[in-house]
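Each protein sequence line maps, in turn, to chains A and B. This note's numbering numbers the first residue of the first sequence as 749 and each following residue consecutively. This note's numbering numbers the first residue of the second sequence as 749 and each following residue consecutively. Below is one structure; the comments refer to it alone.
Protein chains: 2
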Amino acid sequence: MSRAKGVEANKIDTLAKSHMPALGIDLGGTKIRAAAVRDNQIITESQQIPTPDGRDNIIDGLVELVNKFRTDVLAGVGIATAGIVNGDTGEIIGSTGNLPGWSGTQLKTVMESRTLLPVHVENDANAAGYAEARVTGLRSKRCVVTVTLGTGIGGGIVLHGRLFRGSNWAAGEVGHIKIAMENKRLCTCGLFDCWEAYGSGRGLIQTAKDLLEGVSDEQTPLASRTTELTTHSIFAASADGDLMAQKIVERWHEHVSHGLVNLAHVLNPDCFVITGGLSEFIDFRLLEDMVIDHCLPTVGDSIEIRQSALGGQAGIIGAAQFVIDELLHLNK
Amino acid sequence: MSRAKGVEANKIDTLAKSHMPALGIDLGGTKIRAAAVRDNQIITESQQIPTPDGRDNIIDGLVELVNKFRTDVLAGVGIATAGIVNGDTGEIIGSTGNLPGWSGTQLKTVMESRTLLPVHVENDANAAGYAEARVTGLRSKRCVVTVTLGTGIGGGIVLHGRLFRGSNWAAGEVGHIKIAMENKRLCTCGLFDCWEAYGSGRGLIQTAKDLLEGVSDEQTPLASRTTELTTHSIFAASADGDLMAQKIVERWHEHVSHGLVNLAHVLNPDCFVITGGLSEFIDFRLLEDMVIDHCLPTVGDSIEIRQSALGGQAGIIGAAQFVIDELLHLNK
C-alpha cells in the first residue's frame, strides 16, 4: 500500500472508531458500574456488581463486566478509579483508603491482556471532570474545575478541553489542600486540616459531632444520635426545619466554600462544576455568595458554580470518552 | 507584492524583530526600573526613577524611561505592574494598595500612543514567572509555579512554556488563597486569613508582633522594638542567634509552606521558583521538608523548590520577553 493510501486508510479507521462506543467503568469502594458511551452520552443500560475484596478479585470483576458488553463493538475500555493514576502506563501510583492494596496495580496492562481491547485508566475525579467539561456550554472554556463531593473530595482540572495532570499525575488532588493550620482535624490521608476533612461527607459528620457537643435532646433529636449520624440524617433534619441541623449544613457550606475560594485564586476558572453524592444537597445560591464574599473582586466577578450536568454518570462517561478521544488524538 | 513574497517579507520582518531587544519596565510601588532585554537576559545598564504619585505622573515617568533607551532599536516595550491586568487590552482591571488609583488605566493604549512602539502590559508576578520558567532546565517543563515573596505575595503559573491567565486574567493571585478559617488576620485586600497576611513581609512582621507579646527584653532585644520591627531586623536577629527571632523565622517558613502545599495539590508542578525580596532569607532545605511533610506522598515525591535564577530582574526580563514572544506568536 502506498503511503498516501495508508494515510487514507488510517483516516477511515479513525473515523470508524470515532463512531464506535467505548465502555466506561466506574470503580468505586462499594460498587463497580459500567455502560457503553458515545458522544459523551451513555447509550446502553448500565451494569453493576459489588466491588470484590482484593486486587485479583477486583480485576476478575472488571473483566466480567467487560464481557457483559461483548455483544457491542467497542473502541476500547475506560476505567475511572480512586487513587492517583499514571495516565500513560495505567498504573495506580497513589493509594486510597477505599481500595486497600490497589496501589501498584498495572491496571492498563493487565486489562488489555485480559480483554484484548485498548484500555485507558484514569483517576475517577479526573474522569468526571473531563466529562463535565465536555457538556454543551463548557467545551470551549479556558478552565473548568470539577469538584467531586462524596465520602472524600476529588478534583478534575480541564484547560482548553484537555485534562491537566501536573508533573506527576497528581494535579487536581484538591481534597488535600489545607484550609486550616492548627492540626485541628485529621484527614483519612493521615495529614491534618485537609479540605476533605471538612467538606466531604465524613467532614460533615465530624462538623455535626463538634457542633452537637453539649447540645441537649430538646434542642435537636440529632443530639441523642451522634454515634449513628449519617449525611442523609443531617440533611433530612435540616430539610425538616431542625435549626441545629440547618446550622450544621450552613457550616458545611462554609467549609466547601473555603476550598473553592482557594481554587478560584489559583486558577480563576470560567466555571466550577460540583458533582458527587453530596452535590444534590448544595444550596448553590448560598455557596456562590459565600465564595464571592471571600474573593478579590476581579476573581469573584467571574465566579460561576454549576451543579453537575451528568450526575453519577460523569465517571463512566469521562473514562469512556478518554478512550475515544485518545484514538482520535484529541487529548494529546 | 505577490502573496508568496508578502509571506516571505513577513518572515524576514519577524526574524529581524526576534533579534531586536525589547525594553522591560518593572513598575513598583516605590521605584520604576527599566532595561533592554534579549534572549531572556538584560543587555544594557538599567535605569530607574522613584515612582511618582498619581496616574498621569506615573505615565509621564514611564515615557521618560522609554525615551532614555531611544538610542537602541527596540522591538517594543513590556511593562510589569502590580494589579490584575487584561493581557489583551493592557488595561489595569484589578487595583492594588501599592498604586492607588491605578485600576482602570488603559496602560497599553496610552503608552503605545505616547511612544509609538508595541507595548505589552502584564501583572508583575506573571512577568516574573514567565521569565523564571524560561531559564535553562525549566523551559520544557509542564508546570512551573513562581511565587514572589515581598511586601505581598504574587504568583505566576506557566504551563508548557505559556503563562496561564485564567478566565478573567486573575489566575495566579495566590497571595489570596486562605490558609486559616477563623478571621484571625486581616489582609490588606480587606479579606481575612489570606496567605499574603502570613507569608509576606507584612505577615512576618505581624507574626513577630504576635509571638513577642508578653515577651521581655531579657529574652530578646526585639521585644522592646515591636513598633519599629522590619523584616531585616528580624532576619538579622535570627542570623545573630536570637532564639526568639529564630522561632519567628521558623513560623514564617511554616506559613510560606502552607500556601505551597495548597498549590502542590492543585497543580502538582514540576518546580516551584521562589523570588521576591524575601526569597534570599528562605532556608530552602527547611521549606522543602515542611512542604513534603504536609503533602500526599505522590505529590510530595515530586516537590522541587528553587531559588529564583533571575533575582530582582525577573519582572523586567519577563515583561520584555512577552513583547518579543508576542511578535513571534510564541505565547498564543
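Where is the CB? At the ideal position from N, CA and C, for every residue including glycine.
* A:PRO769, buried or exposed, once every other Cβ within 10 Å from all chains shown has been counted against 16 -> The residue in question, A:PRO769, is buried, as its Cβ has 16 or more Cβ neighbours within 10 Å.
* Asked: Rounded C-beta distance between B:LEU1044 and B:HIS1001? I'm assuming under 8 Å.
  -> Their Cβ separation, rounded to whole angstroms, is 21 Å, which puts B:LEU1044 and B:HIS1001 out of contact at 8 Å.
* Residue-chain proximity (A:MET749, chain B), Cβ-Cβ < 9 Å -> Residue confidence is low: A:MET749 scores 48 on pLDDT, short of 50, so the model does not pin down where it sits. Its coordinate-derived value is still stated next. When Cβ-Cβ separations below 9 Å define contact, A:MET749 makes no contact with chain B.
* **Within chain B, partners of A:ASP958 - CB distance below 7 Å** => Result: empty, since nearest Cβ-Cβ is about 13 Å, beyond 7 Å.
* **Spatial distance of A:LEU952 from A:GLY1025 (CA atoms)** => One C-alpha to the other measures close to 13 Å.
* Which residues of chain B have a Cβ atom closer than 7 Å to the Cβ of A:ARG1084, listed in chain order? -> Residue coverage of chain A in this structure runs from 749 to 1080, which leaves residue 1084 of chain A outside it and unanswerable.
* Asked: With 9 Å set as the bound, which would you pick, yes or no: does the beta-carbon of B:ALA1057 sit closer than that to a beta-carbon of chain A?
  -> Any Cβ of chain A closer than 9 Å to the Cβ of B:ALA1057 would place that residue at the interface, and such an atom is absent.
* How should A:ASN805 be labelled, buried or exposed, when 16 other C-beta atoms within 10 angstroms of its C-beta is the threshold for buried? -> Flag for A:ASN805 reads exposed.
* Can you grab the Cα-Cα spacing for the pair B:PHE1032 / B:GLY1048, in whole Å? => Using only the alpha carbons, I get a separation of about 15 Å.
* At least 3 beta-carbon pairs within less than 8 Å: the region 955 to 968 of chain A vs the region 1052 to 1071 of chain B -> Contact fails: fewer than three Cβ-Cβ distances are below 8 Å.
* By how many angstroms is the C-alpha of A:THR819 removed from the C-alpha of B:ILE927? -> Rounded to whole angstroms, the separation of the alpha carbons of A:THR819 and B:ILE927 is 53 Å.
* Going along the chain, which unbroken runs of the alpha helix (DSSP H) with 4 or more residues stay wholly within the region 909 to 958 of chain A? -> Entirely contained in the region 909 to 958 of chain A, the alpha helix (DSSP H) runs reaching 4 residues are, in chain order, 944 to 947.
* Asked: Going along the chain, which residues of the region 858 to 878 of chain A sit with their C-beta nearer than 8 Å to a C-beta in chain B?
  -> Those residues of the region 858 to 878 of chain A that come within reach of chain B (Cβ to Cβ, closer than 8 Å) do not exist; the list is empty.
* Limits of the unbroken beta strand (DSSP E) element including B:LEU865 -> First-last for B:LEU865: undefined, no H or E at that position.
* Within chain B, partners of A:GLU998 - CB distance below 7 Å -> In chain B, no part has a C-beta under 7 Å from the C-beta of A:GLU998; the shortest such distance is about 14 Å.
* To do: With 7 Å as the limit, tell me which residues of the region 921 to 937 of chain B have their beta carbon closer than that to any beta carbon of chain A; keep them in chain order.
  => The residues in question are GLU921, VAL922, HIS924, ILE925, LYS926, ILE927, ALA928, MET929 and CYS937.
* To do: Report all residues from its chain with a CB closer than 8 Å to the CB of B:ARG950; omit the five preceding and five following residues, and keep chain order.
  => So the list reads THR899, GLY900, THR936 and GLU944, once near-sequence residues are dropped.
* Alpha carbon to alpha carbon, what distance is there between B:ALA873 and B:GLY776? -> Between B:GLY776 and B:ALA873, the alpha-carbon positions lie close to 11 Å from each other.
* Is B:MET710 near B:VAL785, with beta carbons less than 9 Å apart? -> Beyond the ends of chain B as shown, which are 749 and 1080, falls residue 710 of chain B; an answer cannot be given.
* To do: Using a Cβ-Cβ cut-off of less than 7 Å, give me the residues of the region 999 to 1015 of chain B that come near chain A, in sequence order.
  => Those residues of the region 999 to 1015 of chain B that come within reach of chain A (Cβ to Cβ, closer than 7 Å) are HIS1006, VAL1009, ASN1010, LEU1011, HIS1013, VAL1014 and LEU1015.
* Could you work out which residues of chain A lie near B:ASP1049, taking near to mean beta carbons separated by less than 7 Å? => Residues of chain A passing the Cβ test: ASN916.
* To do: Grab me the residues of A:HIS908's own chain with a C-beta within less than 7 Å of its C-beta, minus the 5 sequence neighbours each way, in chain order.
  => The answer, listed in chain order, is ARG890.
* To do: In angstroms with no decimal places, state the Cα-to-Cα distance between A:ALA984 and A:ALA993.
  => C-alpha separation (whole angstroms): 9 Å.
* **Presumed contact (8 Å Cβ cut-off) between A:ASN1016 and A:SER1050, rounded CB distance** => 7 Å between Cβ atoms; contact.
* Asked: Using the rule of at least 16 other Cβ atoms within 10 Å of the residue's Cβ for burial, across every protein chain shown, is A:LYS856 buried or exposed?
  -> With 16 or more other CB atoms across the displayed protein chains lying within 10 angstroms of its CB, A:LYS856 is buried.
* Asked: Going along the chain, which residues of the region 819 to 847 of chain B sit with their C-beta nearer than 7 Å to a C-beta in chain A?
  -> Against chain A - using a Cβ distance shorter than 7 Å - the residues of the region 819 to 847 of chain B are ILE832, ILE841 and GLY842.
* Start and end of the beta strand (DSSP E) containing B:ILE1064? -> First-last for B:ILE1064: 1062 to 1075, but that is the alpha helix (DSSP H), not the beta strand (DSSP E).
* For the region 877 to 898 of chain A, which residues have a beta carbon sitting closer than 8 Å to at least one beta carbon of chain B? -> Those would be LYS889, ARG890 and CYS891, in chain order.
* Tell me whether the beta-carbon of B:GLY903 lies closer than 9 Å to the beta-carbon of B:GLU921. => A contact, by the Cβ cut-off of 9 Å.
* Asked: alpha helix (DSSP H) containing B:ILE996: first to last residue?
  -> B:ILE996 -> alpha helix (DSSP H) spans 991 to 1015.
* Give a yes or no on whether 9 Å exceeds the smallest Cβ distance from A:ARG913 to chain B. => So, interface residue.
* Asked: Where in the region 767 to 814 of chain B do unbroken runs of the beta strand (DSSP E), each at least 3 residues long, occur, reported from the N-terminal end onward?
  -> 770 to 775, 779 to 786 and 795 to 798, all fully within the region 767 to 814 of chain B.
* Asked: According to the neighbour-count rule (16 or more other Cβ atoms, all chains shown, within 10 Å of its Cβ), is B:ILE987 buried or exposed?
  -> Per the sequence shown, residue 987 of chain B should be read as Ala rather than Ile. Classification of B:ALA987: exposed, given that the 10 Å Cβ count is below 16.
* Roughly how many angstroms lie between the CA atoms of B:ILE780 and B:ILE827, to the nearest whole one? -> When rounded, the distance between both Cα atoms is 10 Å.
* Chain-ordered neighbours of B:HIS980 on chain A, where CB pairs are closer than 9 Å -> Neighbours of B:HIS980 across chain A, judged by C-beta separation under 9 Å, do not exist; the nearest C-beta is about 26 Å away.
* Between the Cα of B:GLY914 and the Cα atoms of A:SER1005, A:CYS1019 and A:GLU930, which residue gives the shortest distance? -> The alpha carbon of B:GLY914 has as its nearest neighbour, out of A:SER1005, A:CYS1019 and A:GLU930, the alpha carbon of A:CYS1019.
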